[in-house]
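Since the structure comes first, as structure tokens, the remarks are kept for the end.
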Amino acid sequence: MKIYNTNAEIGCRILLLLGSVKGPCSVERLSYYDYFSLHLNDLIDGCEGLHPSNPNHSSEIIIKRKTIKNAITYLISKGLLTVVYSASGFKYKNTNLADRLIELLDNTYSLKYKKCVIEVDKFFRDMQDDDITKYVRNNIGKWVGQFESERD
Numbered sequence: 108m109k110i111y112n113t114n115a116e117i118g119c120r121i122l123l124l125l126g127s128v129k130g131p132c133s134v135e136r137l138s139y140y141d142y143f144s145l146h147l148n149d150l151i152d153g154c155e156g157l158h159p160s161n162p163n164h165s166s167e168i169i170i171k172r173k174t175i176k177n178a179i180t181y182l183i184s185k186g187l188l189t190v191v192y193s194a195s196g197f198k199y200k201n202t203n204l205a206d207r208l209i210e211l212l213d214n215t216y217s218l219k220y221k222k223c224v225i226e227v228d229k230f231f232r233d234m235q236d237d238d239i240t241k242y243v244r245n246n247i248g249k250w251v252g253q254f255e256s257e258r259d
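Take any residue in the sequence shown, count from 1 to its spot, add 107: that is its number in the numbering used here.
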């Protein structure tokens with residue numbers, strides 16, 4: 108039975124993420140926030156990420172969008188997310204049911220994840236999605252190299 112990177116696992120992180128930031132988020136922002144919340148040390152030097160560094164972990168960014176979209180579809184089908192339509196595209200926010208559900212997610216991992224989300228949001232809060240994408244493109248090579256230097 109698969110337990111990692113399932114729609115349910117990623118969906119829980121999306122719900123926690125949306126419960127920790129102000130306002131609805133696009134797929135792009137959800138993808139970047141989730142990645143950096145798991146690998147906070149890629150964003151803020153000296154901060155411990157929830158997931159360990161491994162070779163090419165930054166490649167997760169490439170597949171993150173697809174896994175986030177699949178989890179969003181799953182959450183919508185369960186009545187936990189709603190779509191917000193705007194001139195800038197689709198954004199997503201938790202339903203009241205989701206807000207009640209995340210109150211129950213009070214384990215160590217969930218609490219650490221929410222703290223990491225808050226740090227990521229502080230870093231990117233005032234940036235548009237396109238600016239976050241540019242930031243990632245300009246820095247992704249550093250994260251790959253960072254792991255290599257940590258191993259030496």
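Glycine residues also receive a C-beta, built at the ideal position from the N, C-alpha and C atoms.
Please give me, in chain order, every unbroken run of the beta strand (DSSP E) with length at least 3 that falls completely inside the segment 135 to 198. At a cut-off of 3 residues, the continuous stretches assigned as beta strand (DSSP E) that sit fully inside the segment 135 to 198 are 188 to 193.
Straight-line CA distance for S127 to E210? One-based indexing of the sequence shown puts residue 127 at position 20. One-based indexing of the sequence shown puts residue 210 at position 103. Approximately 11 Å between the Cα atoms of the pair.
Can you check which of these residues, Y192, S193, V191, L187, is closest to N201 by C-alpha distance? In the sequence shown, counting from the first residue as 1, residue 201 sits at position 94. Of Y192, S193, V191, L187, the residue nearest in Cα terms is L187.
Where K200 sits in the DSSP three-state scheme: Counting from one through the sequence shown, the residue named residue 200 turns up at place 93. The answer is strand: DSSP assigns K200 an E or B state.
Checking the sheet assignment: what are the DSSP bridge partners for C132? Residue numbering aside, residue 132 sits at position 25 when the sequence shown is read from its first letter. BP columns for C132 point to Y199.
Would G196 be called buried (16 or more neighbouring beta carbons within 10 Å of its own) or exposed? In the sequence shown, counting from the first residue as 1, residue 196 sits at position 89. Residue burial is scored here from C-beta neighbours: G196 has fewer than 16 other C-beta atoms within 10 angstroms and is therefore classed as exposed.
Between D238 and the ligand COA, is there a pair consisting of the residue's CB and a ligand heavy atom that are separated by less than 7 Å? The ligand COA is absent from the structure shown, which contains no ligands of any kind.
Roughly how many angstroms separate the alpha carbons of T261 and K221, rounded to a whole number? Residue 261 lies beyond the range of the chain shown here (108 to 259); nothing can be said about it.
Y192, buried or exposed, once every other Cβ within 10 Å from all chains shown has been counted against 16: Here residue 192 is taken as the residue at index 85 of the sequence shown, counted from 1. Exposed, by the Cβ-count rule.
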